[in-house]
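K.L.:
Quick one: structure below, then a few questions.
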Amino acid sequence: MEWRWLPSSIRRWCVGEENWVDSRTVYIGHREPPLGTDAYILQRYPDNRIVSSKYTFWNFIPKNLFEQFRRIANFYFLIIFLVQLIIDTPTSPITSGLPLFFVITVTAIKQGYEDWLRHKADNAVNQCPVHIIQDGKVVQKQSRKLRVGDIVMTKENETFPCDMVFLSSSSDDGTCFVTTASLDGESSTKTYQAVQDTKALRTEAEVDTLNATIECEQPQPDLYNFVGRINIYHETEEPIARPLGSENVLLRGATLKNTQNIYGVAIYTGMETKMALNYQSKSQKRSAVEKSMNVFLIVYLCILISKALITTVLKYMWQSDSFRDEPWFNMKTPTERQRNKFLSSFTDFLAFMVLFNYIIPVSMYVTVEMQKFLGSYFISWDEDMFDNEICEGPIVNTSDLNEELGQVEYVFTDKTGTLTENNMEFIECCIDGHVHVEHSLSNGQSFYSNAAIDFIDAPAGIADQERKELFFRALCLCHTVQIKREDQIDYEKQHQNGRSSVYISSSPDEIALVEGVKRHGFTFLQIKDNFMELENPEGEVERYELLQILNFDSVRRRMSVIVRSQTGEIILFCKGADSSIFPRVKEGKLDMIRQRVQQNAVEGLRTLCVAYKFLTCEEYDTIHTVLQNAKLALQERDRKLAEAYDVVERDLDLLGATAVEDRLQDKAAETVEALQKAGMKVWVLTGDKMETATATCYACKLFRRNTQLFELTTKRIEEQSLHDVLFDLNRTILRQSDSLPRDSYSGFSQNDLHDYGLIIDGATLSRVMKPANNGSSSNYKDLFLEICRNCSGVLCCRMAPLQKAQIVKLIKSSKEHPITLAIGDGANDVSMILEAHVGIGILGKEGRQAARNSDYCVPKFKHLKKLLLVHGHYYYIRISQLVQYFFYKNVCFIFPQFLYQFFCGFSQQPLYDTAYLTLYNISFTSLPILLYSLLEQHVSTDVLKRNPALYRDIAKNSLLCWKLFLYWTFLGVFDAVVFFFGAYFLFDNSTMTTNGQLMRANSNMIFGNWTYGTLVFTVLVFTVTLKLALDTHHWTWINHFVIWGSLLFYIIFSLLWGGIIWPFLNYQRMYYVFMQMLSTGPAWLGIILLITISLLPDVVKKVICRQLWPTATEKLQDFLRQSKKDRESEFTPLAPPQSSTYTNNIHRSHQQTSSVSPPNSRKVTCTYWAEDDYCNHPSLFDYSNNRHIFVASGLETAV
């Protein structure tokens, strides 16, 4: 039928071509291609308008309400509010509606204001001017009017308005320099290349004459990959097709630097730009505290339903007696008596649900969100975590996981750039088995040679000079280093001759190699017009035509270049990891070079192997055709290029290897040691070779001299089956571990903290993870996990990025379900960062991809110590106390209401006034716990850093376990019983007046329903507030102001609420109730007595537990408290060694030096330490059987 074309036409017209084709065609300058070529198809793309806002003026209210009521708590209270409106309930709808309205309104105002700021920012961006080439002239337009296909001119220091293909620039070589800090955070300047056939177009008129089309992929969020090709049409020649990659694409948000102007054609605009596509957030991670909180809410919901069900049943049982059916003043009408029993019982059930619904704290969610949001600023403001070298501090990308930082059990860390500085220094090279270094060592003395390189293992004249020069030429040519002016330098190094290298590259290894070769006479000069220039030791300039670049990737682990020399020789130079080069070598002194590579790896040096081969013209033509076809492919380009590279990089001649040193980061070893003492398992996941990674693990104290290492590597698997190796390791570890006492958290022996270590490589891990035909892989995984569980440290080497994520997922899904943390600095770490419960990015030198995809960013690995041991510790304790306290105070609040039903004939009569029901969670008790959850410090920051073992006290979500949850719940029930029956029995001696009120004997106090409820509520507010005050360890003026101010506010409000006739109320049941209650002595005595009785059991319990079963934190608190008292007593200071100097932290300006006591002295030695002097006392926590050691201000003294 003719109308079948309608759906496809609508889809084309409304949603664009990209939704039904895999690629797009862009016509440069909107110029049609010549006749006889590709057909001109008009395509519609979105304009360049950026929309980061979430709402519009018309959809804000419905959309915001829909999103807020998707939360279970908000939806629950909405249902309660609607029930109160529909049926006759004991409480006013205001009691549920007002708190809900307050929460919804505050959230809506916050989100509306944030969205208004986004609208404002969008308008500023969309209306900024851009320059477009039309009819050979520059025309200025607003950014939002830019279209796909427009030719855009961008000037220096301007931001690119859209994603565009780079056509030409003011530079002769067709390059431009760009900073992408707003995209990926990298502040270094990057070099981009114009299309080879269009870089000569320098003026507006020349660019406007270009007749070409661009075929490219549909918009993708990946900032670092692009697949496309450009077809350039000439009148007399065949169209020329050139491949386009990420080096030819300038992204929106990047800034042009040190280039006068450039021309580009828009290919992605508006919300299709890569920057806009990266607006979407990562998958939501939920903390263990949030999961516990949801479980507790379900428990309390069950309690609520049980209460409503019990009271409903008891009501009808009570009314089954005809004498108790209805009182004379509330007789049912005939219509009410004929109502359906089931319907009336269901209505009563809903009424009781409404009456008891306050046990579910609606304000807890808001308080938790505010605590997380405001608490995250303490991380950003931490000056100790600010790095002066890069002038950056920690960054919080999400505040939802603050408390998860205090629950980490496994730490997975990258090696290069994370544990090490990623600042490479060229150490040596091995050419054909002969080692070349900058100087030689003899009897511990350094002898620097006038020559650049010494042969330390071969007599002079033996080495092949041509092979040596070919090796250095390979290092000078096989790289992607760019030459930059001094104001564009990324890694600048000053040398002894006063000259400065101005090399920049995304890889510090390449810069180190080029710098090292430069010191030895071969200087890389520049790349110009596709020619690479270098200066040899004789001062002559050599030019090589750059034919092909086979870029490095983490799978191949190598890169190659194909160049043509001035003599016409075509050479392929290849460099990469030994595991990727050695299998492809057919000539060269393989065994000698392999031996040297292994020796360097053992010393912790990073090694690269260099190989080459000569190509004939015919071979190169074949290679060129294969590579060109792969580069021009729009579908599966990466796979086709990988296959082409595999064919080209074969039958190589091995030249030698290089050794580069990557130093360990400052305090990396101290941080790893602290994490292990805190009970965390530390795993190192790296792509480096085993020997290099092992040396680094020893340096960072993951492994120690007494660590017994077990290897699970390919070499061992070749000698013995995987099944046998796993069972042997498991049997060995378990047999030896059974004889040693083990710690329940970390698995470390108390006598020997670092006992076992495991090393596994990527190939073996693949076999462990790979499902077998008989389905036995799960058994291998279980054995592997059992082995790892008993090791203090695990090293995984030769790991691909995907394998890193698999390791993290394997540990996450184990039966213990531990909390994992992954930390890294490079793009190869992104997968494991996203997989772990908490992802930490290092603001390092391998770009900002890891930082952009992480939950938190820190400048250096050493900052992880304070992030976990201090901030994580505080956050977990604070939010755990917040959650437990909220449930506790709501049990105290609503359980007296439940008890009251037994004394009012289950008539659903509320115990508290409507105002108290409404404001209890909003005003009277909310602010003190919020400030507590932001400021509480049970011990000082310094003590937490010096005593990592305190982290174990809060492991395994210990403060939100069922034991403590039930304790808080029963404590709330006990206090509620004391409130209710205490007030009941205190005023039991009363007489009934003629108007139905109770008159207290021997007093003038009228004791009625609202007076009784007000008395209970007053005791309730004071008790829960003072309970929080007793739990507070760290007092500031803010705590005093909020806690005592909340109590004062309650008193003032009650006086005003009951002391004034409010015209908008149709009832005045609280008039003068509060004043009358406080007008007599018994009320004051009763309030004080009930508060004391309520608080006493919790205080007694804490005292008993602190004396009999103290935690490590409580031991430390007692120790510090005692040390402060000892300041006032006389003492003989403990004498340090004669040569040492002790500097007190309190009086750092006064250094005191004491001599050792005489050998025969019988003087009793004792000492005291102030809190900020205290450092470490292992025996205090029962985590060490070593002798007692105090460490303070750098001084260690055996006691």
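Residue numbers for the sequence shown follow the working numbering, so the first one is 1161 and each next one is one higher. Every residue gets a Cβ at the ideal spot worked out from N, C-alpha and C, and that includes glycine.
Inspect the beta-carbon positions of residue 2235 and residue 2219 and report whether they are closer than 9 Å.
P.N.:
Here residue 2235 refers to the residue found at position 1075 when the sequence shown is read from its first residue. Here residue 2219 refers to the residue found at position 1059 when the sequence shown is read from its first residue. Yes, they are a contact pair.
K.L.:
Rounded to whole angstroms, what's the CA-CA distance from residue 1220 to residue 1528? Just pull it up for me.
P.N.:
Mapped onto the sequence shown, residue 1220 falls at position 60. Mapped onto the sequence shown, residue 1528 falls at position 368. If I take the Cα positions, the gap works out to 25 Å.
K.L.:
If you run the structure through DSSP and keep just helix, strand and coil, what is residue 2375?
P.N.:
Coverage of the chain is limited to positions 1161 through 2359, which leaves residue 2375 absent and any answer about it impossible.
K.L.:
In chain order, which alpha helix (DSSP H) runs of at least 4 residues are fully inside the stretch 1497 to 1573?
P.N.:
1501 to 1516 and 1522 to 1540
K.L.:
CA-CA distance, residue 1455 and residue 1354?
P.N.:
Walking along the sequence shown from the start, residue 1455 turns up at place 295. Walking along the sequence shown from the start, residue 1354 turns up at place 194. Rounded to the nearest whole angstrom, the C-alpha separation of residue 1455 and residue 1354 is 58 Å.
K.L.:
Expressed to the nearest angstrom, what Euclidean distance is found between the alpha-carbon atoms of residue 1397 and residue 1710?
P.N.:
The residue given as residue 1397 occupies position 237 in the sequence shown. The residue given as residue 1710 occupies position 550 in the sequence shown. Across the structure, residue 1397 and residue 1710 are spaced so that their CA atoms are roughly 30 Å apart.
K.L.:
If you draw a straight line from the alpha carbon of residue 1269 to that of residue 2092, how long is it in whole angstroms?
P.N.:
The residue labelled residue 1269 in the question sits at position 109 within the sequence shown. The residue labelled residue 2092 in the question sits at position 932 within the sequence shown. The straight-line gap from Cα to Cα measures roughly 25 Å.
K.L.:
Expressed to the nearest angstrom, what Euclidean distance is found between the alpha-carbon atoms of residue 1832 and residue 2104?
P.N.:
For the purposes of this step, residue 1832 is identified with residue 672 of the sequence shown, where counting begins at 1. For the purposes of this step, residue 2104 is identified with residue 944 of the sequence shown, where counting begins at 1. Roughly 16 Å separates the two Cα atoms.
K.L.:
Would you tell me roughly how many angstroms separate the C-alpha atoms of residue 1392 and residue 1399, rounded to the nearest one?
P.N.:
Looking up residue 1392 in the sequence shown gives position 232. Looking up residue 1399 in the sequence shown gives position 239. The straight-line gap from Cα to Cα measures roughly 5 Å.
K.L.:
When the Cβ atoms of the stretch 1510 to 1518 are set against those of the stretch 1237 to 1257, are three or more pairs found closer than 8 Å?
P.N.:
Result yes; three or more Cβ-Cβ pairs closer than 8 Å.
K.L.:
Using DSSP's beta-bridge definition, name the partner residues of residue 1796.
P.N.:
Walking along the sequence shown from the start, residue 1796 turns up at place 636. DSSP lists no partner for residue 1796.
K.L.:
With residue 2072 as the anchor, note down where its beta strand (DSSP E) starts and where it stops.
P.N.:
As a first step, residue 2072 must be located in the sequence shown, where it is residue number 912. For residue 2072, there is no enclosing beta strand (DSSP E), as DSSP gives it neither H nor E.
K.L.:
Hey, out of 1761, 1704 and 1627, whose CA is closest to residue 1748's CA?
P.N.:
By one-based count along the sequence shown, residue 1748 stands at place 588. Taking each of 1761, 1704 and 1627 in turn and checking the Cα distance to residue 1748, the smallest one comes out for 1627.
K.L.:
Suppose you measure from the CA of residue 1142 to the CA of residue 1407; what does that come to, to the nearest Å?
P.N.:
The structure shown does not extend to residue 1142, since the chain spans only 1161 to 2359, so no value can be given for it.
K.L.:
Beta carbon of residue 1277: closer than 8 Å to some heavy atom of the ligand ATP?
P.N.:
You won't find the ligand ATP in this model; it holds no ligand whatsoever.
K.L.:
Can we say the stretch 2033 to 2045 touches the stretch 2074 to 2081, given the rule of at least three CB pairs closer than 8 Å?
P.N.:
no
K.L.:
Whole angstroms is fine: what's the gap from residue 1992's alpha carbon to residue 1580's?
P.N.:
Sequence index remark: in the sequence shown, residue 1992 carries index 832 (1-based). Sequence index remark: in the sequence shown, residue 1580 carries index 420 (1-based). Roughly 19 Å separates the two Cα atoms.
K.L.:
Quick one: residues in its chain with C-beta nearer than 7 Å to the C-beta of residue 1460, no 5 flanking neighbours on either side, listed in chain order?
P.N.:
Residue mapping note: residue 1460 aligns to position 300 of the sequence shown, counting from 1. Contacts found: 1519, 1520 and 2047.
K.L.:
What residue range is occupied by the uninterrupted alpha helix (DSSP H) comprising residue 1751?
P.N.:
Counted from its first residue, the sequence shown places residue 1751 at position 591. Residue 1751 -> alpha helix (DSSP H) spans 1750 to 1762.
K.L.:
Taking all protein chains shown into account, do 16 or more other C-beta atoms lie within 10 angstroms of the C-beta of residue 2025, making it buried, or fewer, making it exposed?
P.N.:
Position 865 of the sequence shown, counted from the start, is the residue given in the question as residue 2025. It is buried - the Cβ of residue 2025 has at least 16 other Cβ atoms within 10 Å.
K.L.:
On the three-state DSSP scale, how would you describe residue 2043?
P.N.:
As a working mapping, residue 2043 is identified with position 883 in the sequence shown. If DSSP states are grouped into helix, strand and coil, residue 2043 belongs with the helices.
K.L.:
Under 7 Å Cβ to Cβ from residue 1786, same chain only, skipping five residues before and after it: list those, please.
P.N.:
Locating residue 1786 in the sequence shown gives position 626, where the first residue counts as 1. Only 1804 and 1807 meet the Cβ criterion.
K.L.:
Could you tell me which uninterrupted beta strand (DSSP E) segments, each at least 3 residues in length, are contained entirely in the stretch 1235 to 1319, listed from first to last along the chain?
P.N.:
1289 to 1294, 1297 to 1302 and 1311 to 1315
K.L.:
Tell me, please, whether the stretch 1940 to 1960 touches the stretch 1830 to 1848 by the rule of three or more beta-carbon pairs shorter than 8 Å.
P.N.:
Yes, the stretch 1940 to 1960 touches the stretch 1830 to 1848.
K.L.:
Expressed to the nearest angstrom, what Euclidean distance is found between the alpha-carbon atoms of residue 2360 and residue 1386?
P.N.:
Outside the displayed range of the chain (1161 to 2359) lies residue 2360, so it cannot be described from this structure.
K.L.:
Below 8 Å, can you find three or more Cβ-Cβ pairs linking the stretch 1757 to 1774 to the stretch 1368 to 1382?
P.N.:
no
K.L.:
Could you tell me if residue 1277 is buried or exposed, where buried requires 16 or more neighbouring beta carbons within 10 angstroms of its beta carbon?
P.N.:
The residue labelled residue 1277 in the question sits at position 117 within the sequence shown. Exposed, because fewer than 16 other Cβ atoms sit within 10 Å of the Cβ of residue 1277.
K.L.:
Compute the distance between the beta-carbons of residue 2251 and residue 2177, then report whether it is under 9 Å.
P.N.:
Residue 2251 sits at position 1091 when you count from the first residue of the sequence shown. Residue 2177 sits at position 1017 when you count from the first residue of the sequence shown. The Cβ atoms of residue 2251 and residue 2177 lie no closer than 9 Å to each other.
K.L.:
What does the alpha-carbon distance come out to for the pair residue 1547 and residue 1574?
P.N.:
Translated into positions along the sequence shown, residue 1547 becomes position 387. Translated into positions along the sequence shown, residue 1574 becomes position 414. Whole-angstrom Cα-Cα distance: 20 Å.
K.L.:
Around the Cβ of residue 2023, are there at least 16 other Cβ atoms within 10 angstroms (buried) or fewer (exposed)?
P.N.:
Counted from its first residue, the sequence shown places residue 2023 at position 863. Under this definition residue 2023 is a buried residue.
K.L.:
Provide the residue span of the beta strand (DSSP E) that contains residue 1340, from first to last.
P.N.:
In the sequence shown, counting from the first residue as 1, residue 1340 sits at position 180. Counting along the chain, the beta strand (DSSP E) containing residue 1340 begins and ends at 1335 to 1340.
K.L.:
For residue 1368, name the three-state secondary structure that DSSP assigns.
P.N.:
Taking the first residue of the sequence shown as position 1, residue 1368 is located at position 208. Note: residue 1368 maps to helix in three-state DSSP.
K.L.:
Residue 1389 lies in the beta strand (DSSP E); which residues open and close that run?
P.N.:
Residue 1389 sits at position 229 when you count from the first residue of the sequence shown. Bounds of the beta strand (DSSP E) holding residue 1389 are 1388 to 1392.
K.L.:
Just list the residues that DSSP pairs residue 1875 with in beta bridges.
P.N.:
On the sequence shown, position 715 is the one that residue 1875 refers to. DSSP output for residue 1875 lists no bridge partner at all.
K.L.:
Rounded to whole angstroms, how far is the Cβ of residue 2031 from the Cβ of residue 1561, which I believe are closer than 8 Å?
P.N.:
The count along the sequence shown starts at 1 and reaches residue 2031 at position 871. The count along the sequence shown starts at 1 and reaches residue 1561 at position 401. That belief does not hold up - the Cβ atoms of residue 2031 and residue 1561 are roughly 11 Å apart, past 8 Å.
K.L.:
Report the option in 1829, 1893, 1866 and 1922 whose CA atom is closest to the CA atom of residue 1874.
P.N.:
Within the sequence shown, numbered from 1, the residue matching residue 1874 stands at position 714. Considering only alpha carbons, the answer is 1922.
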